[in-house]
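Residue numbers (my numbering): 449 to 586.
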């Protein structure tokens with residue numbers, strides 16, 4: 449009987465001492481939905497890298513789905529479709545079909561409505577960024 453008490457206490461300790469990282473989980477949940485590109489910023493090392501408005505005809509949507517897939521109307525960010533994951537403020541995009549390289553972005557969401565993606569791979573010389581606004585689902 450004493451053995452079962454010890455096992456029960458150890459089991460309870462293990463179960464209740466393991467805590468999930470809810471902040472990262474919340475970032476993933478906040479990312480789910482449709483986002484429209486509205487601003488970009490590129491610096492080649494000589495330019496300032498200021499944020500510029502994207503003309504309406506060049507704006508596009510990217511959808512992040514609950515099943516951890518994404519679908520984009522343009523391949524500017526990372527091909528048109530694939531899967532994604534997040535880890536401590538980093539967004540990883542894994543394009544389907546092997547035609548594009550995986551992409552890595554630093555990301556933040558402000559006011560649950562503005563998504564900022566900062567390219568964190570070798571595709572940019574200095575600084576590349578994208579700002580998207582969340583589109584309300586109907």
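For each residue, glycine too, the CB sits at the ideal point set by N, CA and C.
In the structure shown, residue 545 adopts helical secondary structure according to DSSP, grouped into three states. When the Cα atoms are used, residue 490 and residue 558 turn out to be separated by approximately 21 angstroms. The C-beta of residue 533 has fewer than 16 other C-beta atoms within 10 Å across all chains shown, which makes the residue exposed.
By a beta-carbon distance limit of 8 angstroms, residue 508 contacts residue 522. Their separation comes to about 4 angstroms.
In the structure shown, the three-state DSSP call for residue 567 is strand.
At least 8 angstroms separates the beta-carbon of residue 565 from that of residue 582. Under the three-state reduction of DSSP output, residue 523 falls in the coil class, being neither helix nor strand. Residue 542 places its beta carbon 8 angstroms or farther from that of residue 529. Residue burial is scored here from C-beta neighbours: residue 556 has fewer than 16 other C-beta atoms within 10 angstroms and is therefore classed as exposed.
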